[in-house]
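So for the sequence shown, the working numbering puts the first residue at 95; every next one is plus one.
Cβ atoms here follow ideal geometry from the backbone N, Cα and C, with glycine treated the same way.
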Amino acid sequence: MKVTVIGTGHVGLVTCVTFASIGHDVIGTDVDSEKIELLARGISPFYEAGLEEAMHTETSSGRLAFTVDAPSALREAEVVFICVGTPARADGEANLVAMEQTASQIARHAQDDVVVVEKSTVPAGTADRVRTTLQREGKGLRFHMASNPEFLREGMAIHDALEPDRIVVGVESARGLDVLRRLYAPLLEAGAPLIVTDIRTAELAKHASNAFLALKISFANALARVCEHADADVTTVADIMGADPRIGRAFLDAGLGYGGYCFPKDVAALKHLSERFGYPFPLLGEVERVNDEAVAAIAAKVREALWNLEGKRIAILGLAFKPDTDDVRFSPALALARLLLAAGAHVVGCDPRAASGAKEEVPELELANDVYEAASGAHALVIGTDWTEFRGLQLAALREVMTYPLIVDGRNLLDPSDFVGSGFWYYPTGRPPVIPEPSRSGGGVDGSEPASAPRQPTPLW
Ligand code: UGA
């Protein structure tokens, strides 16, 4: 089929590549000409595992091309996917200006009977607006609206696109359903479950899925606070809860909380939408509050362990919003860096892929090339992102270079048992800390010791 994808960000580009890989002729277009120029040269503007390689394969096969010329990309398309950004406005409302502009472009340049599919995450009811714009500007052409939300995790996007746990299709016409069925035929034949519904339900289901995952994370983080007071271990509590298939273990990892371009914006947009309908959905406000508090709690823990933050050097390992991406948008690790900087600390960070993006977001941040360079002279080291690379920290080497042997694990990445007898003060999240025995404590390499070494961190508020 002839497919045009408008918007070549994380979602749009993966959509281009994966539809091409299952045999369709795909053209990706974007208003950002620099991005299209990069793509035409085979370079992805962001890191996503396997994406660049897949792009090369599909462009060389002739099934995938990119252009800034949207009118020509639209002229031949049987189906158009809208994958433009829907960022949050200051009050949480989704900004749908790009959706409207795209609708108007489709109306002016697409052919009769085209199927127009929303893949961008949008509030329920957006397709009605898109349809009205198409009707007003389309000069009598027939359009078939559909919604086909994406459930792609950054870092796993190609896998999630080609082996989806559900394909959701919101339609209002037989043609819309037929086109989407034919488009996804290879995945449906391979066993991907298809859920067909109306458009508003499909739109809402995407927001609901992300908000519910965010809710699970905030539940784990609220529980972590209780565990710290109760001297219990939130990781084991989550394992026990997760053993019940009705609950599930995924997304119950406590730490710095959720970030990225999707969860914060989608929780806010769903809250805003329900407020507009007269239902404030207070649960979502709590999800956001607990998430903000997760970062503040780790900052308070660092301060508690160091006594004062002024003049202290703090290393943050991991700056991306999660591992296996270079994306720092709404990264909790950067939110932490900002809090520590505001409190007078000197913050040095390192990340396998996100260092330069982080520096753009937080210019006061000093960058280090690797873990040991970051740790050099540091009074505390904080795990900010759970990159696998940080699992194998050499504690003896860290002790050599750090001013204080102190680690705050904002992602519960490390194994507490490795710290027993190590001389380190190890503070995980929602789990009992590991503190050196006073008699056996050697302190830092210069003989200095952390300012306080409580058995339990002092209550954070
Ligand atoms: C998320 C969803 O998982 C995808 O299904 C969805 O399609 C995508 O948003 C989207 O709307 O486009 P993504 O933003 O890539 O995907 O990130 P996740 O893997 O969901 O992680 C989100 C955040 O939650 C990260 O900051 C991660 O560190 C954090 N997290 C995750 C926790 O703090 N605890 C957990 O247990 C799990």
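Cα-Cα separation between residue 302 and residue 448, rounded to whole angstroms: 29 Å
Simplified DSSP assignment, three categories, for residue 96: strand
Which residue comes first and which comes last in the beta strand (DSSP E) that contains residue 120? 119-123
Three-way DSSP call (helix, strand, coil) for residue 201 in this model: helix
Considering just the uninterrupted stretch of the alpha helix (DSSP H) at residue 271, what are its terminal residues? 268-277
Out of 346, 370, 142, state which residue places its alpha-carbon closest to the alpha-carbon of residue 418. The shortest Cα separation from residue 418 among 346, 370, 142 belongs to 142.
Consider the C-beta atom of residue 248 and the heavy atoms of the ligand UGA; say whether any pair is separated by less than 7 Å. Taking non-hydrogen atoms of the ligand UGA into account, the C-beta of residue 248 is found less than 7 Å away from one of them.
Neighbour-count burial assignment, residue 334, 16 or more Cβ in a 10 Å radius: exposed
What is the DSSP secondary structure of residue 159, reduced to helix, strand or coil? strand
Does the beta-carbon of residue 382 have 16 or more other beta-carbons within 10 angstroms, so that it is buried, or is it exposed? buried
What's the gap between the Cα of residue 426 and the Cα of residue 267? Approximately 43 Å between the Cα atoms of the pair.
Does any heavy atom of the ligand UGA sit closer than 7 Å to the C-beta of residue 346? yes
Taking one C-beta from the region 308-324 and one from the region 376-396 each time, how about it: are there three or more such pairs within less than 8 Å? yes
Rounded to whole angstroms, what's the CA-CA distance from residue 466 to residue 189? Just pull it up for me. 42 Å
Expressed to the nearest angstrom, what Euclidean distance is found between the alpha-carbon atoms of residue 390 and residue 479? Residue 390 and residue 479 have their alpha carbons spaced roughly 16 Å apart.
On the criterion of 16 or more Cβ atoms from any shown chain inside 10 Å, does residue 280 qualify as buried, or is it exposed? exposed
On the three-pair Cβ rule with 8 Å, is the region 137-154 touching the region 234-254? yes
Where residue 291 falls: helix, strand or coil (DSSP): strand
Alpha carbon to alpha carbon, how far is residue 524 from residue 317? Give it in angstroms, no decimals. 8 Å
So what does DSSP say about residue 461, is it helix, strand or coil? strand
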